[in-house]
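Visitor: Let me give you the structure first, and then I'll get to my questions.
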Amino acid sequence: MGNYGTAVDKKWQEKWEKEELYKFNPENLDKKLYTLEMFSYPSGSQLHAGHWFNYGPVDTWARLKRMQGYNVFQPMGFDAFGLPAENFAIKTGIHPQDSTYKNIKTMEEQLKAMGAMFNWESEVVTCDPEYYKWTQWLFLQLYKKGLAYRKNAPVNWCPSCNTVLANEQVVDGACERCNTEVTKKELTQWFLKITDYADELLDKLDDLDWPEKTVAMQKHWIGRSTGAEVTFKVKNSDLSFDVFTTRVDTLNGVTYVVLAPENKLVDKLTADENKAAVEEYKELAAKQSEIERQSITKEKTGVFTGSYAINPINGREVPIWISDYVLATYGTGAVMAVPAHDERDFAFATKFNLPIERVIAAKKGEETELPYCEHGVLVNSGEFDGLETAEAKEKIVEKLASQNLGSMKVNFRLRDWLVSRQRYWGAPIPMIYCDKCGTVPVPEDQLPVKLPYDVEFAPDGKSPLAKSEEFKKCTCPQCGGEATRECDTLDTFVCSSWYYLRYPDSKNSEKAFDPEIINKMLPVDKYVGGPEHACMHLLYARFITKALRDMGYLTFDEPFTSLTHQGLILGPDGLKMSKSKGNTISPDDYIKQHGSDVFRMYLMFGFAYTEGGAWSDDGIKSVARFVDRIERTLDSANEAIKAGNGKSTIDKAEKELNFWRHTAIKGVSEDGDKMQFNTAIARMMEFVNALSKYMQEETKNLDFLKEVILDFIRLLAPFAPHFSEEQWNLAGNATSVFNEAWPTFDPKALVKDEVEIAIQINGKIKNRINVASDLDEEGIKAAALNDDVIKQNTEGKTVVKVIVIKGRLVNIVVK
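Mapping to numbering that gives the first Met the number 0: the sequence shown position 676 is 675, numbers consecutive.
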């Protein structure tokens, strides 16, 4: 950047810090704007281009809003617990606490070098006892409200990370962090009852200013379906089981039922002669991932248990099978099979030669092939024959309900949030186990339950804290007898599920937050982060907000009013950046060469913010040249103003520059507000072109020129903050440009006295002329036909037609 670069960055950062320019004023909340970027994990020694793409452009947006009069609160912190630091410790022997705090210090320095308006006085670090004390407090409030519970359940187990995973952390059957195939394991774990809020989490999504794709992903993940729960009794037994179905109208077509191999009933109802086959099948199923078991293309397998169930609608006996395509963790772990009207059931029945009975016909009466999976009219269904699907569902459920064998039911794909982790580097779960008193919560005045430093954390599938006798052994707070602590730690997503509530009151040592402050400051007005958190962090934060609201702490329903996802910056090869591919981009090298503003502007101009793209060295060099051009143009303007001897009139050249000035103000304001940074910068490039052209005028209106360059610097300021402060200072201003009001455009200036129109002959442009903007169609025709260039090109030819598109072009058709 010309004569500047990092020297100018440092100069203005020091000045901003000394003057506390960006300090948030908590007394003025009328126009507060809580701007928040998802905080980062301090996993490496430096910020990468992805961090910059998240934080830099959002800071530009926040600066723009500040100049528009908003009181901006833009905090920063670190999501500091979790597996990366622990895995790094296992590999190197460096303690997670030591590596984490070292990385935080480095990243703080780099974030400050970015020159963003971060409110560092509100910083939070989730591994600080001062923070996780309140994460533990939050867990206890959920426990008191019945929203935290412990149970034995089949859970997702990552054999590489040696820990349990929530359903949301399993992607295509693999651990979302290390990509190892996930297995199932029976463990006693802690869960949070997010399912209690399933309806509200779903229904409130449409009220949010969120990306459509994220809303759709949460809707799918919550997965509400309305149907019926039907009870099947086991023949010659007191046993029974329920199935959930959205197609209870097909109940008469059930020819067999299928249980998940893990279903607790399987052992009880399996006949002696079938036990060996069933046991063998259960072992095979246990070795497969859920994704494999649910594959559409996988050949259907199963084993008959030797028992029969009674179809509750018609009393028929149907065989009970087990098959791996039914999962114990979904629905009731049992399905009713209607092979005539379900493709999966049809394939299974065909393979094992089970009956297939049509009970739904097309409404129009035409013959259709099986399986027929559409709605229609009931046939072969006794008293329900002739009813259409919707009415049949109601009538069948009415009959089942009268016999206590069924009812209408809403089912969800969403499962409760599993929060226990068998790892060291996390917040200890604040619970105690006493032989006499049972499960006892740690008293709030004994928080935090601190994570001990000296622990053997090499993974062996058990909680590392269990190896620390000093930590594990404790006294029961109720009876005073010997007791043991819970040795699992909390999923790190619990820490991030409420951090946005801590920022505005981060130094409060008496409470997690003061409700009076938080209810004025929240919800977050603009939240920005990656789309990969759609069904984890973003869902968890919504749940915690609603739970705390119902406990009386919060008065708002949603944590994040407006959400934007930034895109992904790829390597120069178009692939995702990684050290192993050697395609990572270090911002530091470019910042040393060009200054942080050029790096920031390239990220905003080179990519659509919500899309991202492949890094280009040519692209950043182009932006550096543009900033150099701005510098030269402003230098030239300042010299002209100092020299004096200008004119006082507003003539054609001034009107032309004024048009581009107000076009830029309008465009940058609108595009910047929508985070369409690339088009906003394009508007400024047009402005610079117009300013450069005006500088070639022999005589200039210097008062007007001064107004124009000051407006330009104001527009540029959020996009290049250090450079703009320097230019504002060179233009003779003693105060910060960020204390200036954002420029507003004059609609009258956007109407040109003259417009340029192209003149075509038979579709080919021959010339361009200027005409009065209010000239009528006949006047435009006359001006075009009287133009000397056009006269030469039409000489000796017959003008057949003249087509006028006002304000743009004239097409003359000749032959």
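Glycine included, each C-beta is placed from N, C-alpha and C at the ideal position.
Treat the numbers as computed from the prediction; the structure is a model and nothing was measured.
Quick one: residues in its chain with C-beta nearer than 6 Å to the C-beta of Glu175, no 5 flanking neighbours on either side, listed in chain order?
Guide: Gln168
Visitor: I'd like to know whether the C-beta atoms of Leu633 and Ala730 end up nearer to each other than 9 Å.
Guide: yes
Visitor: Assess, as a yes-or-no matter, whether the stretch 222-236 is touched by the stretch 400-411 under the definition of 3 or more beta carbon pairs within less than 8 Å.
Guide: yes
Visitor: Helix, strand or coil for Tyr21 per DSSP?
Guide: coil
Visitor: Buried or exposed: where does Pro571 fall if 16 or more other Cβ atoms within 10 Å of its Cβ makes it buried?
Guide: exposed
Visitor: With three or more C-beta pairs closer than 8 Å as the rule, is the stretch 216-223 touching the stretch 522-537?
Guide: Cβ pair count under 8 Å is three or more, so yes.
Visitor: Could you check how far apart the C-beta atoms of Pro153 and Glu185 are, in whole angstroms? I think they sit under 8 Å.
Guide: Yes, they are in contact, since the Cβ atoms of Pro153 and Glu185 sit about 6 Å apart, within 8 Å.
Visitor: Need the endpoints of the alpha helix (DSSP H) that Phe345 sits in, please.
Guide: 342-351
Visitor: Taking only the alpha-carbon atoms, compute the straight-line gap between Gly1 and Asn644 and give it to the nearest angstrom.
Guide: Because Gly1 carries a pLDDT of 46, less than 50, the predicted location of this residue cannot be relied on, and the following value inherits that uncertainty. Using only the alpha carbons, I get a separation of about 29 Å.
Visitor: Using only the alpha-carbon positions, how far apart do Glu706 and Leu191 sit?
Guide: Going from the Cα of Glu706 to the Cα of Leu191 covers about 59 Å.
Visitor: Between which two residues does the beta strand (DSSP E) harbouring Ser239 extend?
Guide: 239-244
Visitor: Nearest to Ala490 by alpha carbon, out of Asp453, Pro530, Phe555, Trp416?
Guide: A small correction: the amino acid at residue 490 is Asp; Ala does not occupy that position in the sequence shown. Closest by alpha carbon: Trp416.
Visitor: Roughly how many whole angstroms lie between the Cα atoms of Gly795 and Val788?
Guide: 14 Å
Visitor: Can you list the beta strand (DSSP E) stretches of 3 or more residues lying completely in the stretch 127-181, in chain order?
Guide: 147-157, 162-164
Visitor: By Cβ distance below 6 Å, which residues in the same chain neighbour Asp852 in space, the five residues on each side in sequence not counted?
Guide: Any property of residue 852 remains undetermined from this structure, which presents the chain solely from 0 to 814.
Visitor: Can you tell me whether DSSP reads Gly68 as helix, strand or coil?
Guide: coil
Visitor: Just checking Cys494 against the ligand HEM - is the residue's beta carbon closer than 8 Å to any of the ligand's heavy atoms?
Guide: The ligand HEM is absent from the structure shown, which contains no ligand whatsoever.
Visitor: Whose CA, out of Phe555, Glu469, Asn732, lies closest to the CA of Lys203?
Guide: Phe555
Visitor: For Arg807, does the count of other Cβ atoms within 10 angstroms reach 16, so buried, or fall short, so exposed?
Guide: exposed
Visitor: When we look at the beta-carbon of Arg501 and count the other beta-carbons within 10 Å, is it buried (16 or more) or exposed?
Guide: A residue is called buried once 16 or more other Cβ atoms fall within 10 Å of its Cβ, and Arg501 is buried on that count.
Visitor: For Met683, count neighbouring Cβ atoms within 10 angstroms of its own Cβ and tell me buried if that reaches 16, exposed if not.
Guide: Buried, since its Cβ has 16 or more Cβ neighbours within 10 Å.
Visitor: Within 10 angstroms of the Cβ of Gln445, are there 16 or more other Cβ atoms? Answer buried if so, exposed if not.
Guide: exposed
Visitor: So what does DSSP say about Met0, is it helix, strand or coil?
Guide: Caution applies to Met0, whose pLDDT of 44 falls short of 50 and renders its modelled position unreliable; the model cannot decide the point.
Visitor: Between the C-alpha atoms of Arg541 and Ile764, what's the straight-line distance to the nearest angstrom?
Guide: 58 Å
Visitor: Is it a yes or a no for the stretch 64-83 touching the stretch 602-617, going by three-plus beta-carbon pairs under 8 Å?
Guide: no
Visitor: Sort out for me which residues DSSP pairs Val302 with in a bridge.
Guide: Under DSSP, Val302 shares a beta bridge with Ile321.
Visitor: My understanding is that Asp58 touches Thr560, with C-beta atoms under 8 Å, so please give their C-beta distance in whole angstroms.
Guide: Not confirmed; about 19 Å, so no contact.
Visitor: When you compare the stretch 583-599 with the stretch 112-125, are there three or more beta-carbon pairs, one atom per stretch, that lie closer than 8 Å?
Guide: yes
Visitor: For Arg484, list the residues DSSP reports as bridge partners.
Guide: Ile431
Visitor: Should the stretch 765-777 be regarded as contacting the stretch 708-726, the criterion being three or more beta carbon pairs within less than 8 Å?
Guide: no
Visitor: Taking only three categories from DSSP, how would you classify Tyr498?
Guide: In the displayed model, Tyr498 falls within a helix according to three-state DSSP.
Visitor: What's the gap between the Cα of Ala61 and the Cα of Thr34?
Guide: 7 Å
Visitor: Can you tell me whether DSSP reads Lys654 as helix, strand or coil?
Guide: helix
Visitor: Would DSSP call Phe190 helix, strand or coil?
Guide: DSSP places Phe190 in strand when its eight states are reduced to three.
Visitor: Take the Cβ of Asp453 as the centre, count every other Cβ of all protein chains shown within 10 Å, and call the residue buried at 16 or more, exposed below.
Guide: exposed
Visitor: For Glu18, I'd like the list of residues in its chain whose CB is within less than 8 Å of its CB, leaving aside the five on either flank, ordered along the chain.
Guide: Ser735
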